[in-house]
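Take 9 as the starting number for the sequence shown in the working numbering and just add one per residue. Structure first, then comments.
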Amino acid sequence: MKSFKLLFAFVFLVPFFVHAQTPSNPPAKTPSFKSIDKDNNGQITKEEAKAAGVSDADFKKADKNKNGTVDAKEWALIFPGGA
Ligand SMILES: [Ca+2]
Ligand SMILES: [Ca+2]
9 MKSFKLLFAF VFLVPFFVHA QTPSNPPAKT PSFKSIDKDN NGQITKEEAK
59 AAGVSDADFK KADKNKNGTV DAKEWALIFP GGA
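Okay, structure coming up:
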């Protein structure tokens with residue numbers, strides 16, 4: 009039953025190849041810090057987050073030091089790879 013095993017390997021491996029070849033568009037869930045920081049002051053305000061579709065809950069979670077804005081380090085903690 010060698011061919012059966014090969015078929016199995018094929019079925020399991022193909023999705024990985026297909027996945028690897030999909031263009032790497034940034035997922036909507038991890039917007040980049042720079043794209044959200046519209047005025048480029050290094051801080052994301054609640055308004056900037058809202059405009060980017062970030063929920064209030066996520067913004068509060070990201071604002072670790074509770075100063076009302078989210079900096080790049082805070083952003084990276086909640087959205088790894090989104091800085
Ligand atoms: Ca800003
Ligand atoms: Ca903060």
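Backbone N, C-alpha and C fix where the C-beta goes; we use that ideal spot for every residue, glycine too.
| Query | Result |
| --- | --- |
| CB contact flag (Asp71, Gln51, <8 angstroms) | no |
| Boundaries (first-last residue) of the alpha helix (DSSP H) holding Asp66 | 64-70 |
| Own chain residues within Cβ distance below 6 angstroms of Thr53, not counting five before or after | Thr77 |
| Nearest candidate by alpha-carbon position, reference Ala59, set Phe20, Phe87, Phe41, Val19 | Phe41 |
| Terminal residues of the alpha helix (DSSP H) in which Phe41 lies | 41-44 |
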